Amino acid sequence: MVGLVYLARPQPILAVLKRAATLWLYNFALLAAVFPLAFLMSAIELDFWRFNDLVNDPLNAIVRMGALQQAPRLLDILLLYVTLMLIAPLAIVIHARSPRVVIAASATIYVVAQILTIKRIDGSPTATDDGILKLLSWQVIFFVPMALGARRLHLALFRWLETHRTPLVLFVFLFLAGALLKTWEAPAPEWLTPRYGLHLLRLGHAILVLMLYTALLTAARRLLHTPPARMLATIGRHSLDCFAAGVLATYVLALTWDRAGGGHLVYYLSVLTAVTLTALVAWWRESARKPRHRHRATDNRT
9 MVGLVYLARP
19 QPILAVLKRA
29 ATLWLYNFAL
39 LAAVFPLAFL
49 MSAIELDFWR
59 FNDLVNDPLN
69 AIVRMGALQQ
79 APRLLDILLL
89 YVTLMLIAPL
99 AIVIHARSPR
109 VVIAASATIY
119 VVAQILTIKR
129 IDGSPTATDD
139 GILKLLSWQV
149 IFFVPMALGA
159 RRLHLALFRW
169 LETHRTPLVL
179 FVFLFLAGAL
189 LKTWEAPAPE
199 WLTPRYGLHL
209 LRLGHAILVL
219 MLYTALLTAA
229 RRLLHTPPAR
239 MLATIGRHSL
249 DCFAAGVLAT
259 YVLALTWDRA
269 GGGHLVYYLS
279 VLTAVTLTAL
289 VAWWRESARK
299 PRHRHRATDN
309 RT
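Residue numbers (our numbering): 9 to 310.
Rendered as structure tokens:
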């Protein structure tokens, strides 16, 4: 989004900083929305959702969240995103001179961060990648796509996938092979476990899933013009509102799932409910957006 939208604006740095401020405020609005649920949580749930500090010392937890130091689970996603957007102005300045330097620097920082993460966690059975190492690892999926998006490389990718079907077959095969290996529960190296954060396998899986979805969308291009697909597309136009609604729905549905006894049926119903609610939020925001656009068009004609 930064590469596709903000770098194309007359003042990209100012646009990115304004967006970062909006996300920061959204995160506090989300905190206010989910905080009452803490009084319904068990001790295990408080620990899982990382609400202990917020319940025991709310003022300190709020200050640390405002300073981008920590946040409850899921709210830490926007916290990380805001932090990266505050760093983005430096990357934008470098990108204006050489996009390749941005990509090379980001990839190098990721590799160094992975080496340091492995060294840190190997030295302690309780250590994780939290803190600066997480930031240094996750920046690679922010700044590299920023540089690629600014060059509109996704258009070339779509054109290539439209004329070649072999990649789709390959991506589906790799995806199914990975799923099969997971069902075997084969032992994985310790450094590939979640404690190590955005390790190579996790990063590769994210790229594979993204490429699979891209190839599937290209192959099913005609279906993208159907009403259900067009409705789902509005989620991308209102991603922040949909994300916020999804976080709130996840909290509520997770607590509901646990109290309903768990199980696969309740889980899949919860997922379907969350997706439906997110799509409805996108539809509502899109419906509110269209009258304003029509009003502006009328004003321009007059």
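Glycine residues also receive a C-beta, built at the ideal position from the N, C-alpha and C atoms.
Here the structure is a predicted model, which means the values were calculated and not measured.
Can you tell me which of the three DSSP states residue 84 falls into? The residue labelled residue 84 in the question sits at position 76 within the sequence shown. Helix at residue 84.
Given this structure, state the Cα-to-Cα distance separating residue 130 from residue 203, to the nearest angstrom. Residue mapping note: residue 130 aligns to position 122 of the sequence shown, counting from 1. Residue mapping note: residue 203 aligns to position 195 of the sequence shown, counting from 1. Rounded to whole angstroms, the separation of the alpha carbons of residue 203 and residue 130 is 10 Å.
Helix, strand or coil: which one does DSSP assign to residue 122? One-based indexing of the sequence shown puts residue 122 at position 114. Three-state result, residue 122: helix.
Can the beta-carbon of residue 83 be found less than 8 Å from the beta-carbon of residue 38? Here residue 83 refers to the residue found at position 75 when the sequence shown is read from its first residue. Here residue 38 refers to the residue found at position 30 when the sequence shown is read from its first residue. Against a cut-off of 8 Å, the Cβ pair of residue 38 and residue 83 comes out as a contact.
Span of the alpha helix (DSSP H) holding residue 235? Reading the sequence shown from its first residue, position 227 is the one you call residue 235. Here the alpha helix (DSSP H) through residue 235 covers 235 to 245.
Could you check what DSSP says for residue 58 in three-state terms: helix, strand or coil? Taking the sequence shown and counting its residues from 1, the one referred to as residue 58 is at position 50. Annotated three-state conformation of residue 58 is coil, per DSSP.
Using the three-state DSSP reduction, which class does residue 172 fall into: helix, strand or coil? Sequence index remark: in the sequence shown, residue 172 carries index 164 (1-based). Here residue 172 carries a coil assignment [DSSP, helix/strand/coil].
Please tell me whether residue 155 and residue 107 are closer than 8 Å, where the distance is taken between their beta carbons. Within the sequence shown, the letter at position 147 stands for residue 155. Within the sequence shown, the letter at position 99 stands for residue 107. When the beta-carbon positions are compared, residue 155 and residue 107 come within less than 8 Å of each other.
Boundaries (first-last residue) of the alpha helix (DSSP H) holding residue 72: Indexing the sequence shown from 1 puts residue 72 at position 64. For residue 72, the enclosing alpha helix (DSSP H) has its first and last residue at 66 to 74.
Less than 8 Å between the C-beta atoms of residue 243 and residue 214, yes or no? Locating residue 243 in the sequence shown gives position 235, where the first residue counts as 1. Locating residue 214 in the sequence shown gives position 206, where the first residue counts as 1. Against a cut-off of 8 Å, the Cβ pair of residue 214 and residue 243 comes out as no contact.
Give the secondary structure of residue 138 by DSSP, where H, G and I count as helix, E and B as strand, and everything else as coil. Taking the first residue of the sequence shown as position 1, residue 138 is located at position 130. Note: residue 138 maps to coil in three-state DSSP.
With DSSP as the reference, label residue 295 as helix, strand or coil. Looking up residue 295 in the sequence shown gives position 287. In the three-state DSSP reduction, residue 295 falls in the helix class (H, G or I).
Counting Cβ pairs, one atom from each stretch, are 3 or more of them under 8 Å apart for the segment 220 to 227 and the segment 179 to 194? Touching, yes.
Cβ of residue 121 within 8 Å of any chain B Cβ: The structure shown contains no chain B; it holds only a single protein chain.
Using DSSP with H/G/I as helix, E/B as strand and the rest coil, what is residue 270? In the sequence shown, counting from the first residue as 1, residue 270 sits at position 262. Assigned with DSSP and collapsed to three states, residue 270 falls in coil, not helix or strand.
Checking 8 Å against the spacing of the C-beta atoms, do residue 89 and residue 22 come in under that value? As a working note, residue 89 is residue 81 in the sequence shown. As a working note, residue 22 is residue 14 in the sequence shown. Against a cut-off of 8 Å, the Cβ pair of residue 22 and residue 89 comes out as no contact.
Report yes if the C-beta distance between residue 274 and residue 268 is below 8 Å; otherwise report no. As a working mapping, residue 274 is identified with position 266 in the sequence shown. As a working mapping, residue 268 is identified with position 260 in the sequence shown. Cβ atoms of residue 274 and residue 268: closer than 8 Å.
Count the CB pairs spanning the segment 255 to 268 and the segment 71 to 85 that are closer than 8 Å, and state whether there are at least three. Touching, per the Cβ criterion.
Would residue 158 and residue 15 be called neighbours here (beta carbons separated by less than 8 Å)? Your numbering for residue 158 matches position 150 in the sequence shown. Your numbering for residue 15 matches position 7 in the sequence shown. A contact, by the Cβ cut-off of 8 Å.
Please classify residue 49: does DSSP put it in a helix, a strand, or coil? By 1-based counting over the sequence shown, the position of residue 49 is 41. In this structure, DSSP gives residue 49 a state outside helix and strand, which the three-state scheme calls coil.
Cβ distance (whole Å) where residue 126 is taken to contact residue 152 below 8 Å: On the sequence shown, position 118 is the one that residue 126 refers to. On the sequence shown, position 144 is the one that residue 152 refers to. Residue 126 to residue 152, Cβ: 21 Å. No contact.
Is the separation between the beta-carbon of residue 59 and that of residue 49 shorter than 8 Å? Walking along the sequence shown from the start, residue 59 turns up at place 51. Walking along the sequence shown from the start, residue 49 turns up at place 41. It is a contact, given that the beta carbons lie within the stated cut-off.
Taking just the CA atoms, how far does residue 94 sit from residue 46? Start at 1 with the first residue of the sequence shown, and residue 46 comes out as number 38. Start at 1 with the first residue of the sequence shown, and residue 94 comes out as number 86. Rounded to the nearest angstrom, the two C-alpha atoms are 30 Å apart.
So, with DSSP's three-state summary, where would you put residue 206? Here the question's residue 206 lines up with position 198 in the sequence shown. In this structure, residue 206 counts as coil in the three-state DSSP scheme.
Helix, strand or coil: which one does DSSP assign to residue 15? By one-based count along the sequence shown, residue 15 stands at place 7. Of the three classes helix, strand and coil, the one that applies to residue 15 here is helix, per DSSP.
Return the CA-CA distance between residue 139 and residue 278, expressed in angstroms with no decimal places. Against the sequence shown, residue 139 aligns to sequence position 131. Against the sequence shown, residue 278 aligns to sequence position 270. Spanning the two alpha carbons is a distance of roughly 32 Å.
What does the Cβ neighbour count give for residue 237, buried or exposed, with the cut at 16 atoms within 10 Å? Numbered from 1 along the sequence shown, position 229 holds the residue referred to as residue 237. Within a 10 Å sphere around the beta-carbon of residue 237 sit fewer than 16 other beta-carbons, which makes this residue exposed.
Below 7 Å CB to CB, which residues in the same chain sit around residue 308 once its five sequence neighbours on both sides are set aside? Reading the sequence shown from its first residue, position 300 is the one you call residue 308. Confidence in residue 308 is poor, its pLDDT being 46 and thus under 50, which makes the residue's placement too unreliable to answer from.
Using 10 angstroms around the beta-carbon of residue 289, count the other beta-carbons present and answer buried if the total reaches 16, otherwise exposed. Stepping through the sequence shown from its first residue, residue 289 is reached at position 281. Residue 289 is buried by the Cβ-count criterion.
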